[in-house]
Amino acid sequence: MASNQPAYAPSPVAAPTGEWPFGERDEHLPSADPAASPSPYDGYDPGPGPEAAGPRSQPRLPRQRSGLPARGAAVGTAVLGIAAMAAVGTGGVAAAADAPAAAPPISLPDAPGFPDALPAPAVPAAQPEVAVGTPSYDPSAVAYTAAPAEDAAAPADAAEEAPADPGEALRTRIIDQVIRQRDAAARAEREAAEKAAAEQAAKESAARKVREQAAAAKAEADAKAKAAAEAEAKAEAERLARLAASYVKPLASYTLTTAFGETGNMWATHTGQDFAAPTGTPVHAVHSGTVTSAGWAGSYGYRVVLRLDDGTELWYCHLSTMVATSGQVVTGDTIGRVGATGNVPEPHLHLEVRPGGGAPVDPVPWLYGHGVAV
1 MASNQPAYAP SPVAAPTGEW PFGERDEHLP SADPAASPSP YDGYDPGPGP EAAGPRSQPR
61 LPRQRSGLPA RGAAVGTAVL GIAAMAAVGT GGVAAAADAP AAAPPISLPD APGFPDALPA
121 PAVPAAQPEV AVGTPSYDPS AVAYTAAPAE DAAAPADAAE EAPADPGEAL RTRIIDQVIR
181 QRDAAARAER EAAEKAAAEQ AAKESAARKV REQAAAAKAE ADAKAKAAAE AEAKAEAERL
241 ARLAASYVKP LASYTLTTAF GETGNMWATH TGQDFAAPTG TPVHAVHSGT VTSAGWAGSY
301 GYRVVLRLDD GTELWYCHLS TMVATSGQVV TGDTIGRVGA TGNVPEPHLH LEVRPGGGAP
361 VDPVPWLYGH GVAV
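Last residue of the sequence shown: 374 in the UniProt record's numbering, with the numbers rising by one and none dropped.
Right under this line is the structure:
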């Protein structure tokens, strides 16, 4: 009959003993003397078989241990093994040479429904995958997964060959699109800011250039105006210096009449020099000086007194009009006009020269002394 015992478990019927019951023993097999060679099954525990995890499990038979009597145990085991083979009617006895070196040659009958040979266990052991819907244990429905490859590159290759998840691919595309849009927006904002900054810098540069040009033009104009004013002032100063150093005639056109020291019906001694000229003829300052007095002076009529820098006073008398009544005058300035005011019979200029503001002196020699010929 068929046995439910796992194929890899030792047979409870024929336990290995020290005596070989099947003819001549090979030299390479273990010694028959238990004392000389311990049994390979001493302390061996086969563990649960495939049925242990299934729904139908059977109680295990007691393990046979070594140490039985040499002759009787060996003969009993052999008889039981032959009876089992005869009852089954099929199967064969495995040759001792084909058995593994570590295990004694054991022959078991073929169990119906089991494969001839189980695959070699792998590390880690492959777990059977039972097809859904199998009502009972069926070896044909069991599919063993292949052991993991030892090649380290196999997981990477399997990951590359595995089909991509559509949801993950969509998520990746959306994230990439968001990143690209965000980068594009940031780039556009940065470019706009740079453009605005460049435009602002250009405007500021243009405005600064205009201001600099205006400032330069103003500075140039101011410099020119200042130079012109300085040149004009210099020229005026030179002219005044020349005038200050020079003396001129009191009238451009005149006729000398009563001289200094003469006597007459209207005075005892004449104190100046008379220059006859029509009324309104301009009267000029003989030299630069300061007008210290201007107004009516009795018999002198309208009189202007000009003090020179050396203290000499020049009196311009009988004027019809007084032009300079105070302040500084320079040589050649008009200080009044010829008239006939005061104690005079006809229009003329009465000029007196009083050095230091004292007694009068003859004007003609004084004028000659300063380079003026009258």
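Built from N, CA and C at the ideal position, the CB exists for glycine as well.
| Check | Outcome |
| --- | --- |
| Arg307 versus Gly298, Leu319, Ser293 and Tyr300, residue with shortest Cα-Cα distance | Ser293 |
| Every unbroken alpha helix (DSSP H) inside the segment 197-237 [4 residues or more] | none |
| Residue span of the alpha helix (DSSP H) that contains Leu367, given as start and end | Pro363 to Gly369 |
| For Thr172, three-class secondary structure by DSSP | helix |
| Residue environment, Met322, which counts as buried when at least 16 other CB atoms sit within 10 Å | buried |
| The segment 272-279 / the segment 293-305 touching (three or more Cβ pairs under 8 Å) | no |
| Contact between the segment 268-276 and the segment 355-369 (3+ Cβ pairs under 8 Å) | yes |
| Which listed residue (Gly327, Arg303 and Val364) has its alpha carbon closest to that of Gly336 | Arg303 |
| CB-CB length for Phe275 against Leu367, believed under 8 Å | In fact, because the Cβ distance is near 11 Å, the residues do not count as touching under 8 Å. |
| Minimum C-alpha distance to Gly264 - residue among Pro345, Ser246, Thr334 and Arg239 | Pro345 |
| DSSP-derived helix/strand/coil call for Glu262 | coil |
| Cα-Cα separation between Glu295 and Met266, rounded to whole angstroms | It is Gly, not Glu, that sits at residue 295 in the sequence shown. Near 22 Å, if we compare the C-alpha coordinates of Met266 and Gly295. |
| Three-state secondary structure (DSSP) of Asp183 | helix |
| Under 8 Å between C-beta atoms of Val283 and Thr331 | no |
| Spatial distance of Lys371 from Gly342 (CA atoms) | According to the sequence displayed, residue 371 carries Gly and not Lys. Gly371 and Gly342: Cα-Cα distance of roughly 31 Å. |
| Candidates His287, Ala164, Ala227 and Ala188: closest to Tyr247 by CA position | His287 |
| Extent of the continuous beta strand (DSSP E) run through Ser320 | Glu313 to Met322 |
| Trp315 beta carbon less than 8 Å from that of Val329 | no |
| Per DSSP, the bridge partner or partners of Thr290 | Arg307 and Gln328 |
| Burial state of Val291, where buried means 16 or more other Cβ atoms lie within 10 Å | buried |
| Classification of Thr258 by the beta-carbon crowding that lies within 10 angstroms, buried from 16 upward | buried |
| Reduced DSSP secondary structure (H/G/I, E/B, other) of Tyr300 | helix |
| N-terminal and C-terminal residue of the beta strand (DSSP E) that Glu352 is part of | His348 to Arg354 |
| Cβ-Cβ distance between Phe260 and Pro355 below 8 Å | no |
| Extent of the continuous beta strand (DSSP E) run through Thr334 | Thr334 to Val338 |
| Rounded straight-line distance, which links the Cα of Asp309 to that of Gly327 | 13 Å |
| Exposure label - Thr312; buried when at least 16 CB within 10 Å | buried |
| Cα-Cα separation between Val374 and Lys249, rounded to whole angstroms | 7 Å |
| Residue range of the unbroken beta strand (DSSP E) whose run includes His284 | Pro282 to His284 |
| Simplified DSSP assignment, three categories, for Gly295 | strand |
| Ala225 versus Leu251: straight-line alpha-carbon distance, rounded | 37 Å |
| Limits of the unbroken beta strand (DSSP E) element including Ala359 | Counting along the chain, Ala359 falls outside any beta strand (DSSP E), and DSSP gives it neither H nor E. |
| Run of the beta strand (DSSP E) containing Thr252, from where it starts to where it stops | A small correction: the amino acid at residue 252 is Ala; Thr does not occupy that position in the sequence shown. That residue, Ala252, is in no beta strand (DSSP E); it is neither H nor E in DSSP. |
| Residues sharing a beta bridge with Asp274, DSSP | His350 |
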